[in-house]
Structure formats: C-alpha cells, structure tokens
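Position 169, counted from 1, in the sequence shown is what my numbering calls 169; the numbers after and before it change by one each time, with no gaps. Beta carbons: idealized from backbone N, C-alpha and C, even for Gly. What follows is one structure encoded as structure tokens, with my remarks underneath.
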Amino acid sequence: MNFFRGVMGGPTAGPQPTGAETIQKLCDRVASSTLLDDRRDAVRALKALSKKYRLEVGSQAMEHLIGVLQTDRADTEIIGYALDTLYNVISNDVEEEEPDGSEDENTQKQSSEDLAGQFTEIFIKHHENLTLLLSLLEEFDFHVRWPGVKLLTALLKNQGPQVQQIILVSPMGVSRMMDLLADSREVIRNDGLLLLQQLSRGNAAIQKIVAFENAFERLLDIVTEEGNSDGGIVVEDCLLLLLNLLKNNSSNQNFFKEGSYIQRMKPWFEVAEDNSGWSAQKVTNLHLMLQLVRVLVSPVNPPGATSSCQKSAFQCGLLQQLCTILMATGVPADILTETINTVSEVIRGSQINQDYFASVNAPSNPPRPAIVVLLMSMVNERQPFVLRCAVLYCFECFLYKNQKGQGEIVATLLPATIDANSISAGQLLCGGLFSTDSLSNWCAAVALAHALQDNSIQKEQLLRVQLATSLGNPPVSLLQQCTNILSQGSKVQTRVGLLMLLSTWMTSCPIAVSNFLHNQTNVPFLTGQISENLGEEEQLVQGLCALLLGICIYYNENTLENYTKEKLKQLIEKRIGKENFIEKLGYISKHELYSRAGQKPQPSYSTPEQMLFDHEFTKLVKELEVLIIKAVQKSSEDEKKEEEVKKSLEQHDSIVNQYKELIREQDMQLNDLKKQVSALSSENELSQATITQQTSQVQQLRDQYNLLKIQQGKDSQQHNIHNSEAAQINGIQPKADLEEMGRLREEVEQLKQRHDLLQGQLAEKESLIEKLKTNQTMSSRDGEGGTDHSGSQDEERSELHKLLDKLRTQVQTQAAEISQLQAEKQALSQKLKNLPEAAQGDGDSNIAQLESRLSALMDENRKLKDQTKAMTEEKSALDQQLASTNSTVAILQTENSKLQQDVIDSKKEQDDLLVLLADQDQKIFGLKNKLKELGEQVEDEDDLDSVDQDDDEEDDDEDDLN
Numbered sequence: 001m002n003f004f005r006g007v008m009g010g011p012t013a014g015p016q017p018t019g020a021e022t023i024q025k026l027c028d029r030v031a032s033s034t035l036l037d038d039r040r041d042a043v044r045a046l047k048a049l050s051k052k053y054r055l056e057v058g059s060q061a062m063e064h065l066i067g068v069l070q071t072d073r074a075d076t077e078i079i080g081y082a083l084d085t086l087y088n089v090i091s092n093d094v095e096e097e098e099p100d101g102s103e104d105e106n107t108q109k110q111s112s113e114d115l116a117g118q119f120t121e122i123f124i125k126h127h128e129n130l131t132l133l134l135s136l137l138e139e140f141d142f143h144v145r146w147p148g149v150k151l152l153t154a155l156l157k158n159q160g161p162q163v164q165q166i167i168l169v170s171p172m173g174v175s176r177m178m179d180l181l182a183d184s185r186e187v188i189r190n191d192g193l194l195l196l197q198q199l200s201r202g203n204a205a206i207q208k209i210v211a212f213e214n215a216f217e218r219l220l221d222i223v224t225e226e227g228n229s230d231g232g233i234v235v236e237d238c239l240l241l242l243l244n245l246l247k248n249n250s251s252n253q254n255f256f257k258e259g260s261y262i263q264r265m266k267p268w269f270e271v272a273e274d275n276s277g278w279s280a281q282k283v284t285n286l287h288l289m290l291q292l293v294r295v296l297v298s299p300v301n302p303p304g305a306t307s308s309c310q311k312s313a314f315q316c317g318l319l320q321q322l323c324t325i326l327m328a329t330g331v332p333a334d335i336l337t338e339t340i341n342t343v344s345e346v347i348r349g350s351q352i353n354q355d356y357f358a359s360v361n362a363p364s365n366p367p368r369p370a371i372v373v374l375l376m377s378m379v380n381e382r383q384p385f386v387l388r389c390a391v392l393y394c395f396e397c398f399l400y401k402n403q404k405g406q407g408e409i410v411a412t413l414l415p416a417t418i419d420a421n422s423i424s425a426g427q428l429l430c431g432g433l434f435s436t437d438s439l440s441n442w443c444a445a446v447a448l449a450h451a452l453q454d455n456s457i458q459k460e461q462l463l464r465v466q467l468a469t470s471l472g473n474p475p476v477s478l479l480q481q482c483t484n485i486l487s488q489g490s491k492v493q494t495r496v497g498l499l500m501l502l503s504t505w506m507t508s509c510p511i512a513v514s515n516f517l518h519n520q521t522n523v524p525f526l527t528g529q530i531s532e533n534l535g536e537e538e539q540l541v542q543g544l545c546a547l548l549l550g551i552c553i554y555y556n557e558n559t560l561e562n563y564t565k566e567k568l569k570q571l572i573e574k575r576i577g578k579e580n581f582i583e584k585l586g587y588i589s590k591h592e593l594y595s596r597a598g599q600k601p602q603p604s605y606s607t608p609e610q611m612l613f614d615h616e617f618t619k620l621v622k623e624l625e626v627l628i629i630k631a632v633q634k635s636s637e638d639e640k641k642e643e644e645v646k647k648s649l650e651q652h653d654s655i656v657n658q659y660k661e662l663i664r665e666q667d668m669q670l671n672d673l674k675k676q677v678s679a680l681s682s683e684n685e686l687s688q689a690t691i692t693q694q695t696s697q698v699q700q701l702r703d704q705y706n707l708l709k710i711q712q713g714k715d716s717q718q719h720n721i722h723n724s725e726a727a728q729i730n731g732i733q734p735k736a737d738l739e740e741m742g743r744l745r746e747e748v749e750q751l752k753q754r755h756d757l758l759q760g761q762l763a764e765k766e767s768l769i770e771k772l773k774t775n776q777t778m779s780s781r782d783g784e785g786g787t788d789h790s791g792s793q794d795e796e797r798s799e800l801h802k803l804l805d806k807l808r809t810q811v812q813t814q815a816a817e818i819s820q821l822q823a824e825k826q827a828l829s830q831k832l833k834n835l836p837e838a839a840q841g842d843g844d845s846n847i848a849q850l851e852s853r854l855s856a857l858m859d860e861n862r863k864l865k866d867q868t869k870a871m872t873e874e875k876s877a878l879d880q881q882l883a884s885t886n887s888t889v890a891i892l893q894t895e896n897s898k899l900q901q902d903v904i905d906s907k908k909e910q911d912d913l914l915v916l917l918a919d920q921d922q923k924i925f926g927l928k929n930k931l932k933e934l935g936e937q938v939e940d941e942d943d944l945d946s947v948d949q950d951d952d953e954e955d956d957d958e959d960d961l962n
C-alpha cells in the first residue's frame, strides 16, 4: 500500500522517490509479477505517469509494454492500458505544463517531435511489433480497438513512409484498417478515417489497395448518411481521404469513373434556393467537393481519362448542377470562385461541355449569357482579384480547342453583328482592353488572344474590326489602336498584355504582319524600344518587342518594299545588333514569372502585379524563339540556299504526290480485286453448297438402290432377267439371283408337300374315326340282344372313348399346324405372284431415275471443273491475296474426286447382297428341319428340279380350289 501511495501521490512517511525510480519499480513489477492483477495495476500506474514523465516511461517501459501486448492478450483491460501508455509516449501532443516550466512553446514542440520520432523509430525497428498492433485491431472490445487506432495514427504521423512499407507487406494489414469504417461506434469509425488519411498519404500502392477494398462505396455512403455538404467534420474527413486516394492516381480515377461514382457526386451540389445558412463547415465541405471534381478533370491527368470524366460529368447532370451554383445569388465569394475554376476544367477541351456552357443564361431580366456575366466581373476592378483570375481561366478553358466558340466571340466584334441594345462579349473585351485599369487591360488582352489561338481564320476576321476613337476622327482598326496605346507609354502590365496579344495575332498570319508593317511608325517604335538601355522593369517589354519584330521577319511575305525580310534584318544589324537583339529576346524566358506561368494553365498569382505571363503564351514563345533566332542569323546566301532547298523539297513533294496518286490508284485496283475475290469466294461457297446438296442426293439414291436390291432378291424367276440386268449395272452376277429364286421355289414346293402329307394323315384319321363310330353302333345293338357280354362291352366302350379323345386332340393340333402352314404358303405364293410385276416396274423407274441423276451429277461436276479452270486462269492476274481462292479450288477438286470415289464405292457395296442371300439359305434350312421334325420327308435339291413342271400344275389346281 505504501508503494501505491507513493505512486498516486498519497501521504508517506519518508523521502519521496523520484519519477524515474517509481517508473523503474513499476517496470520491475510488470516484468516479475506472476499475478495478472499486479501487472495490470502496474501498467495502469505507468499510464498515469506517461504524460508527465514521457521520456522516462518511453525509455524504460516500452519493451515491457510490448511484452504485455504479446503475453496478456486475453485480458483486454491490461492491453488497453498498455496501448494508451504507448500512445502517450509516441504521440506528438505537447503537455500543457512541463515539469520545470522553463521551456517556451516552440522548444516544447520541437522537443516533443524529437521524442515522438525517436520512440516511433524504436517501436517499428522490429516489424513484428507493428504486425502485433495490426492484429489487435481485430479485437472488437472498445478499450483495445480505439487506443490501437490512435497509436497506429501517431506512428504514421511520425514515420509515415517507413510504417507504410511495413503495413504494405503485412498480410491483411490494410483490410483490417478498412474494417474500421464498418464499426457501429462512431468514435472508432471517425478515428479510422483519420488513420486511413495518414496511411494513404503519398503512397500510390496503398491508395490502390484501399480503393479496391471498396473504400469509395463506404466513404460515399458515409457522406450521404451525414447529410452531404450540410454534414459535419466527418464529411470533411471522408472528402480528405477521397482526395488522397484520387489525386495523382490515374488508376484510382479510372476505377472511380468506371464504378459510376461520379453520378453520386451530383447531390453534393444541390444548394437551397434561398442559399441561407452557409456555415463554415459547409463552406469547407463544398471546397473539398469542388476540389474532388477538379482532381478528376485536371489538365495534368492523361487526356483520355480527363475527357471520359468530363463526359460523365455532363451525362449525369453534374455540370448543370455546377452551372446552377455559378449563376445563383447569395453564394459566398470563395465558393463562387472555386466553382468557376471547377466549371473551367470540366469544360476545358470538351466540345459538348463547351457548347452547353455557351447556352447557359444568368437568371436576369432580360437573360444574359453566363459568359457575358462572367466577363463583366473580369473587367470590373472592384471585384476580388481571385474571382477575376477565375473568370479569366474559365474564359480560356471555354475557348481551348474550341474554334466554334472562338468564332462566336470574334463575331461579336464585327460591325455586322454589333447590337447597340445589348452588351456582348466583344464589347466587354474591348472596353477592358482600353480601360484605365492595367489588370483589366492585361486580362482583356489575354482573353482576346485566346480567341485567336491556333485559328488563322479569326485572326483575319479580327482585322476587320474598326473602333471609333473620338468625334470627328475617322475610325481606326483594332490592330492600330493597340499599337497606339503601346506608343503612349502606359503601364508595364498593359504593354505586356498588348504585346502578347499582337504576338499571338500575327503568328502564322502574314496578312496581319503586312497590316502591322503598313503603319510607318510601328517598326521604328519597336527598334527604339529594343535598342534603349532601360531598367529591369522594362527588360520584359524589350524582350516582347524583340519577339514581335522577329515575328514580322519570320512571317513576312515581302509585300512591302521598305520592310522586306532582308531590310528588316539589316535594320536590326545597324540599329540594334544581332547579338543584342538575341540577348533582348532571351529576357522573356529568363523572367522569374515565365517558368511559373508555364507550369499549369490556371493563373495562380498572389498579387495583380505578378500577372505578366499567360500559360499558352509561354508555349508560343518556346516555339518562336528558336525560329526567330535562325531567321535573324541567316544571311542572304543562306536564304537563297534555303529557297533552293525549298524548291527541291517542293519538287520532291510533287514526286511524292505522284507516287501517292499511283499508290491511290493501285489501292483502288486492289480494292476492286478484293471485291472480285469476295465475289468468287461467294460463288465458291455456293458451289460447295451445291456439291453438298448433290452428295446428299447421291446418298438418297444409294439408299433407294439398296432397297431395290432387297426387293429384287425376292422376285420370281420371271423377273430374274431384269434382276440380272440390274445386277450387271451394280456389279453383281445374275447367277446368284437365279439360285436364290430356285431356292425360294424349292421352299414353296416343300411346303406344298408337307401340306399334302398332312392332308393325307387327316383323311386316314377321319376314316379311323368313322370306323370306330361304326363299331360303337354295332356294339350297342349287340347289347340289346343279351347281357352276357355287358362287362366286357363296358370296358371296350371306355377304351374307345379314351382313344377317340386322344385322336381328337391330335387332330386339332395338326389342324392348327396345317392352318399356319397354309397361311405361310398363301403369303409366299402371293409374294411370288405379285412381286415380279411391281418390282419390275419400280426397279425400272428407280434405275432410270438413278441413271438420270448420275448423269446430271456428272454434268454438274463437269461444270465445276470448267469453273475451277476459269478461276485458276483468273487467279494468275491477282496478287497474293487471291491465294485463298486457289486453296478453295483445290478443295473443290478434292471433293469431286471424293464423289467419284463414292460412286465406285457404291458399286462395291452391292456385295452386301450376298450376305442377305446367305441368311436366306439359313432360313430355308431351318424350314426343312421343321418339316423333318413333323415326320415329313424332304427331298434334296437335285430331286426337286425333275418335278418342277408337276409342282406348277399342282399349284394351279390349288389356286383354283382356293
């Protein structure tokens, strides 16, 4: 008790132990105590001291605490105390009151971070410690899972990359953390979100694993449950985790799009009509939601991924919802600015989205296009700077690769389309271009330059624009007005904007160059600006003037005698010097803001004075700088040589064009040949189908012919001649048919003889019966005369009755057999009579049909051979692509040979008839055996030949009787 009083601060009698000594005693108790309660009390005491004596507890007790996690896992209470103690040691949270109170806040913070880093390094030095901690996350007990989540989060904050690598190789490590999002206790779920934020930060592999663990579905469900943008800080945590998973991770972005999760973002931006109640949390949530959309459609993403996300945003109505916020009233300025930037990147380079944005109108009376409303904010110097930058970026994205939109903007400046009763985009741009606000001048110049970017048609159209300067003075062109303002010495930002506009306008437009050189004051102004030695602020203007003069040289078509390419180069050499000109031209790319503008399309400047370069213009300078330097350094001889090279190239191009025409003609011929091959292939398929059909017909004829053979095998002798002819056709000898018919006749004759014998036996038995009846009558008469012989007569009578019954039974049995034999005889006789005529007629017709079909088949085969020969001759004129036709013709020839072989095989198949005849012999032999069993004598085949005539006469007599 005294020990615990000392630890907990109770009264003791004696000197108080120091904190380090107390912690040492507690560690010894944790290590040596055999009772779980003692160890639990010691760990609880270490937890209480861990915040005040962080260094001592961390350095002395960490090993013992890890041992507790390993050995006492069954007791959740001591595990919870150990995890809380480790968290207090490793966490970066600074204790409000230090023991000595001498260190200031920065020193405390630095010291706390150093301790946290050192203890984290000690803990993760053995990877199994982290694996053990991950396994503890499976415990559902709140006192184990919650401190385990906090400890893991602290480890990731202190040593993120190292802990990430250990977790990455740990089995089911990420899955255990993802299970935290499904915990019904909000505290654990919310801290699980913070843990996953730290885990997924800057590690693409873990980001992919988390995404494929169904993170998107769970996070979006949580956002919906919490009320979307109206939700609390939990929504913010979910959005931050989503940003970690999607930013700079094209794989997860593609997975997010394919999972149809973009459609689920639309309800986030459903803002109430009154737009009241914009809390700080709602503003934060909407900022993150807009950033999520921008991550999916960012210009730095792969082009295919960006375009597909833009398409999905339009199809699901997300773009329409963003435009609704854009045109709504009462929206906070920072949300409106971010919404403009988001809409900008959703429509950038997507024609369908750009067309939709062009059709959006503001809810005003009368309705105005959204583009006009936004430009009004851009040229209004009272609007916030970030909002004006966002509008400029939106206008640039609207015109990016959108020649249709560029034409519509330039058309609002042309005289034929100007409407005095309405404000157009062109009027706003001109108004901003010539206003007194330098930022408006720069923004309007850059916006107008984007309307001309890579569009030579609109560059020429813009030359038609005329401006009225003052009453009584003639109108001047827009090009001339820009040069007039330049010569008046306005602010640097204004002149830079105008020079960028003129450079973009005159690039790849010789007509604009001629109009610029036509004014006699423009070239002297440029040379004067370049040759003067001005301060650092004017160096950028000098470089842009050198760029514009170089454009006048490179795109000069020598239409003006005073300002040809050669004269302009001579002017540079005399007034400026080539080296000095190139040096001044290099001022542009050496400017500190040049590289910053070239990093990304969106203008990002902290102050208006820094807005000097446009992203697209930096790309134009990179292209033109090399071309201009080469053009200035070339001599007249080099130009002549270059002209000769151009001519040779043109000749070469003409030759190439001739070959192209020849190749095109050959392609057409090849296409024609392909069509012919296709036609021949179709004909070939039809031929194959015909052959198949004919093969089936031959098979049918073969089956019919086999039936005819069977029928002809049972004909009478009168049909033997016809059978002989048919057999000769099919390769069978007529002698076999004659023998078969002879055997059938012998069988019939045997049946007749058996019938006669049975008739004779019947007659004998009937006569016997009559004699017995007569004897019986006489016996009865004798009985009437006396009684001496009555006993003997009774015995004779009974014997006679038994004999009579026996005879009657035998007669009935034999009568049944006779009836059966008569029926068989009659059936055989009927077949013998009817078969010759019917079989003869059917055989003749079927054989004739067979012969005609075989003849047709031979004709068809002959035609196929002719067709194959024609195809073979035509094949020689085709290219290698006709090889398939050759193989098809070979197949046809093979099929033809197979058919001929089948016809030969069909003849050989007639030999099967011999098998049928052998079966018939066996049957006749069986009939003979039956007759022998009945007691009849059966004559041999040699004896039957001598009585054929008599048998025929008897058959006629029996037929007459029947």
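Taking Cβ positions, are residue i and residue j nearer each other than 7 angstroms?
i, j, result
"glutamine 354", "phenylalanine 385", "no"
"glycine 58", "valine 30", "no"
"tyrosine 81", "arginine 44", "yes"
"leucine 1047", "asparagine 254", "Because the chain in this structure spans residues 1 to 962, residue 1047 falls outside the shown range and cannot be described."
"methionine 611", "tryptophan 442", "yes"
"phenylalanine 613", "alanine 597", "yes"
"threonine 131", "glutamine 198", "no"
"alanine 444", "leucine 467", "no"
"leucine 286", "isoleucine 335", "yes"
"glutamine 750", "leucine 934", "no"
"glutamate 236", "leucine 290", "no"
Using only the alpha-carbon positions, how far apart do residue i and residue j sit?
i, j, result
"alanine 61", "glutamate 138", "25 angstroms"
"glycine 426", "leucine 448", "9 angstroms"
"aspartate 703", "glutamine 676", "40 angstroms"
"leucine 413", "serine 589", "33 angstroms"
"leucine 156", "leucine 133", "13 angstroms"
"methionine 500", "leucine 544", "7 angstroms"
"glycine 173", "isoleucine 167", "6 angstroms"
"phenylalanine 269", "asparagine 402", "27 angstroms"
"serine 477", "tyrosine 393", "27 angstroms"
"alanine 20", "leucine 55", "9 angstroms"
"proline 303", "serine 350", "11 angstroms"
"valine 513", "valine 492", "23 angstroms"
"leucine 686", "glutamine 901", "22 angstroms"
"valine 293", "phenylalanine 357", "17 angstroms"
"proline 267", "valine 283", "16 angstroms"
"glutamate 226", "valine 626", "57 angstroms"
DSSP beta-bridge partners for residue i?
i, result
"alanine 362", "Arg368"
"serine 477", "Gln466"
Quick one: is the Cβ of residue i within less than 6 angstroms of any heavy atom of the ligand ATP?
i, result
"glutamine 354", "Because no ligand of any kind appears in the structure shown, any question about the ligand ATP cannot be addressed here."
Just reading off the alpha helix (DSSP H) that residue i is part of, what are its end residues?
i, result
"lysine 51", "No alpha helix (DSSP H) contains lysine 51, which DSSP labels as neither H nor E."
"arginine 189", "186-200"
"tryptophan 268", "Unbroken run through tryptophan 268: none, as it is neither H nor E."
"aspartate 237", "233-246"
"methionine 172", "Looking at the DSSP string, methionine 172 is not in any alpha helix (DSSP H), and its letter there is neither H nor E."
My understanding is that residue i touches residue j, with C-beta atoms under 8 angstroms, so please give their C-beta distance in whole angstroms.
i, j, result
"threonine 618", "isoleucine 551", "Contact doesn't hold; Cβ gap of about 16 angstroms is too wide."
"proline 603", "cysteine 389", "5 angstroms"
"lysine 257", "serine 312", "6 angstroms"
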